[in-house]
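Please read the structure below before turning to the comments.
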Amino acid sequence: MTDATANGKPEMLTTADGKPLKAALIRAQARARRRAFLLVLPLLAFILITFVMPIGQMLHQSVYNPGFVMHEDIGSGKRTPIMTNLKVWFDENPAGTEPDEAAFAALHEDMLLLRELRAPGQVGTRVNYERGGSRSMFTKAARRAERMDPPYKEAFLDVDEEWADPELWRVMRDASSAYTFNFYLAALDRSKNADGEIVSVDENRQIYIKLFTRTLFLSVLITFLTFLLGYPIAHLLATLPLRYSNLLMIFVLLPFWTSLLVRTTSWMVLLQSQGVVNDALVGMGILGDDNRLQMMYNQIGTVVAMTHILLPFMVLPLYSVMRPINPSYVRAARSLGATSWTAFRRIYFPQTVPGIGAGALLVFILAVGYYITPALVGGADGQLISNLIAFHMQNSLNWSLAAALAALLLAGILILYWLYDRLIGIDNLKLG
Amino acid sequence: MASSQSSDAFVEFDRVQKSYDGETLVVKDLNLTLPKGEFLTMLGPSGSGKTTCLMMLAGFETATHGDIRLNGNSINNIPPHKRGIGMVFQNYALFPHMTIEENLSFPLEVRGIGKSDREAKVMRALNMVEMGSFGKRRPAQLSGGQQQRVALARALVFEPELVLMDEPLGALDKQLREKMQFEITNLAHELGITVVYVTHDQTEALTMSDRVAVFDDGIIQQLDTPDKLYEEPQNSFVAQFIGENNTLEGTIKEIKNGLALVQLDDGELIDCNPINVSKPGERTRVSIRPERVETNPARLTEGAHTLKAEVLEFIYMGDIFRTRLRVAGNDEFIVKTRNAPDQKRMTPGEHIEIGWLPRDCRALDA
Ligand SMILES: Nc1ncnc2c1ncn2[C@@H]1O[C@H](COP(=O)(O)OP(=O)(O)OP(=O)(O)O)[C@@H](O)[C@H]1O
Ligand SMILES: [Mg+2]
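Sequences listed follow chains A and B, in order. Remember, this note's numbering sits 124 above the position in the first sequence when you count from 1. Remember, this note's numbering sits 317 above the position in the second sequence when you count from 1.
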């Protein structure tokens, strides 16, 4: 700050008619920007409506379950708050208080309303999510509520001894507010005990963490296998003369053009214990007829079928980075004294890393969320986390738990994506 | 040249043939002997098999027939990385994922040279091509000429005895090309390396090389020093391909005392130097360089044949005058004259008489 800008301010550039250059530039570009924005607007709206909103909805559902606090009439859509009296009692008494007559009186009052709304099932289901066997207690108690007389505590215990269970009251207390993290706890094989402390669930009921680990492991394995199989294919595709490589490309893409179900079923035909592979092995005398290999309805089935199905997602990005690699690089390396292995390792391979990254990310993300193939060929052993999410969506109807599981899966993928960005760099990704 | 095992032979192609598809021979019958320290250029039109020859020498293509020897040893069975041949590729082939230093260090690393030694050699090679301050950059961050110099440094850094260059200056502008031509020849002579250089720019070939091999149609048409090649082309392809050239067509009348009498198609007679014509009656193409044409009959030897010519165009080019004439029915007959104080400037329409020394007028195959 010495000479040119003696008065402390840099000289402002202006256009020919004396307006500030920057403002003029912004104005000149604004129109173009508006037009560009209008062009992407439909897609933006489409993505917002079909993608961002459902995911937001899902995330919300994973922490919000109004089953214990709000009833919505299916016909009229009228919303009625429920279990309000019990809520008042919970608010007045700290967690862990033994339920007294006042508590049961409030419960009785609420039961009457439930009965009127025909909603005891809904409330029971909500409690049942966290404490098995609770649903029937609610329906039974609601049926008898009208005929109950004080003291209500005894009346309820009369219906079912379990009404005194502190665990049940802990669950009801948690459920009495619609927002809860308990579904996340459940998704991580944790729950709260009667005192509200977070503990692991029984050993034999721990399934989710095991499934997450298995999903992660199988996805990594499948990604690795597609890489192992896809790399040489992509290389061949990229170096073969065009007419051969086109033919080979058709072979790579052929599975793409076949329905997923057909492909999966064809693997069933091949791999089942009375299938082609086993028959052939038995026929050749390699296997005895009574110890056929079990390759279907277990992890082997899942891995084999998914590796096959996801292979093109590895081959295509690899191919797209390999095609433009000039053969003269490897030749140069060779002429500079490198063996063919060194030339591959130091010169060719590093240039394909962006394709490997893209392919691996693609295959891995697809594999982590894969549903149909494990459902068909995985048996009990080869199920992935998505199958359990589907189970909670369709069978147990515990949508909040399904949402929590899905949210954890999403978080896991985002963390991996972030790691990938840190380690390899997302701008190094080349999808084609 | 019966025995190709001459003592000073460093690189030898011995009756080499090459076919890619089994139907056509890309290289037909290549015999070439290269002493140590020579700068040899392969010059020829596109598709004449120059790159193929280099690739065979470097080991990326195998000869279909014949033998290639390096230092007397057949290299057909030596893998490329053991040949110790430096190579500059047409597209430079600098490894894009490595910095310039890493690029240069690569050939040293694969040879197991220690780190401090490597750094010293890399630095020396970079300084040699005046690229010392660019070591940390990636190839994509360099201009074409800079990349070219790095490619050259990389081919030289492991001190090979033989360096192959495939049209390394093709992508550069004229000025840079001329500068690089000069630098490459200087380096080659300083380091005493043997160079096989490929180009289709004839000026480049003439200015840089000790000897030039003119390729066409898979065979060497002529292998000679630049001056011989220019002044004494052995056939009409070479005469046409190297430099500017005037051609007159005719028939041999007689050959005697080392002089051929040629009757041009319009009936005029001229004396020529018979090169690859043998008997009267043969068709011939007579070739004269534009600067060897004499427009002042007083300076010709007595009794020399002269031809009538009509001036069609006069172009002033500063250092020289370029005059287009009609001679014996040929409208594209060019004469170049030095811009000397006494040189006459011709005007279109003027009729003059031209002539030349029979030595400069070469009767070649038709
Ligand atoms: N890999 C190949 N397969 C088949 N034919 C080839 C191959 N490489 C070159 N050819 C053919 O061999 C001939 C000679 O090719 P080459 O590359 O040696 O020519 P060149 O003299 O280097 O030409 P340019 O000056 O254009 O580089 C050409 O007709 C070309 O079509
Ligand atoms: Mg070439």
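Backbone N, C-alpha and C define an ideal beta-carbon position, used for all residues, glycine too.
Helix, strand or coil at residue i according to DSSP, with G and I counted as helix
i, result
"D659(B)", "coil"
"Y547(B)", "helix"
"V212(A)", "helix"
"G383(B)", "strand"
"E495(B)", "helix"
"H432(A)", "helix"
"M404(B)", "strand"
"M359(B)", "strand"
"Y768(B)", "Outside the modelled stretch of chain B, which goes from 318 to 683, sits residue 768(B), for which no answer is possible."
"N511(A)", "helix"
"E75(A)", "The requested residue 75(A) is not part of the displayed model; chain A covers only 125 to 556."
"F554(B)", "helix"
"S323(B)", "Model confidence at S323(B) stands at a pLDDT of 47, short of 50, so the residue's coordinates are unreliable; what they give is reported in the following sentence. Note: S323(B) maps to coil in three-state DSSP."
"N121(A)", "Here chain A covers residues 125 to 556 and nothing more, so residue 121(A) does not appear."
"K570(B)", "strand"
"D490(B)", "coil"
"A530(B)", "strand"
"Q423(A)", "helix"
"F375(A)", "helix"
"S301(A)", "coil"
"E321(A)", "coil"
"T139(A)", "coil"
"D403(A)", "helix"
"R469(A)", "helix"
"I346(A)", "helix"
Local Cβ density within 10 Å of residue i, reported as buried at 16 or more and exposed below that
i, result
"T375(A)", "It should be noted that the sequence gives Phe, not Thr, for residue 375(A). By the neighbour-count rule (16 or more Cβ atoms within 10 Å), F375(A) is not buried but exposed."
"W465(A)", "exposed"
"N209(A)", "buried"
"I539(A)", "exposed"
"G354(A)", "buried"
"N420(B)", "buried"
"W542(A)", "exposed"
"P550(B)", "buried"
"D127(A)", "Low per-residue confidence applies at D127(A): pLDDT is 45, beneath 50, and the placement is therefore not dependable, though the value from the model is reported in the following sentence. That one is exposed."
"C678(B)", "buried"
"Y514(B)", "buried"
"S526(B)", "buried"
"K334(A)", "exposed"
"A380(A)", "Just to set this straight, residue 380(A) is Phe in the shown sequence, not Ala. When all chains shown are included, F380(A) counts as exposed."
"S315(A)", "buried"
"E521(B)", "buried"
"D545(A)", "exposed"
"R242(A)", "exposed"
"D551(A)", "exposed"
"T204(A)", "exposed"
"K596(B)", "exposed"
"M136(A)", "exposed"
Boundaries (first-last residue) of the beta strand (DSSP E) holding residue i
i, result
"E447(B)", "Note, E447(B): premise wrong, no beta strand (DSSP E); not H, not E."
"C678(B)", "Element bounds for C678(B): n/a, residue is neither H nor E."
"A621(B)", "From DSSP, A621(B) is part of no beta strand (DSSP E); its letter is neither H nor E."
"P451(A)", "No beta strand (DSSP E) contains P451(A), which is instead part of the alpha helix (DSSP H) from P451 to S459."
"A615(B)", "From DSSP, A615(B) is part of no beta strand (DSSP E); its letter is neither H nor E."
"P424(B)", "From DSSP, P424(B) is part of no beta strand (DSSP E) but of the alpha helix (DSSP H) over I417 to E426."
"S315(A)", "R314 to K316"
"G180(A)", "No beta strand (DSSP E) holds G180(A); the alpha helix (DSSP H) holding it covers M177 to V187."
Extent of the continuous alpha helix (DSSP H) run through residue i
i, result
"L629(B)", "That residue, L629(B), is in no alpha helix (DSSP H); its beta strand (DSSP E) goes L624 to Y633."
"S595(B)", "Per DSSP, S595(B) belongs to no alpha helix (DSSP H) and is neither H nor E."
"T497(A)", "I496 to V501"
"K367(B)", "K367 to A375"
"R471(B)", "G461 to V474"
"M235(A)", "E225 to L241"
"K146(A)", "L145 to I171"
"E113(A)", "No information on residue 113(A) is available, as it lies outside the stretch 125 to 556 that chain A covers here."
Hey, which residues come within less than 7 Å of ligand 2, measuring from Cβ to any heavy atom, in chain order?
K367(B), T368(B), Q407(B), D483(B), E484(B) and V515(B)
Under 8 Å, with one C-beta from each stretch per pair, do the segment 464-478 of chain B and the segment 525-533 of chain B reach the 3-pair mark?
no
Is the segment 192-212 of chain A close to the segment 233-249 of chain A, with three or more CB pairs under 8 Å?
yes
Is it true that the segment 651-666 of chain B meets the segment 629-639 of chain B, where meeting means three or more beta-carbon pairs spaced less than 8 Å apart?
yes
Would you be able to state if there are at least three C-beta pairs under 8 Å between the segment 400-420 of chain A and the segment 510-522 of chain A?
no
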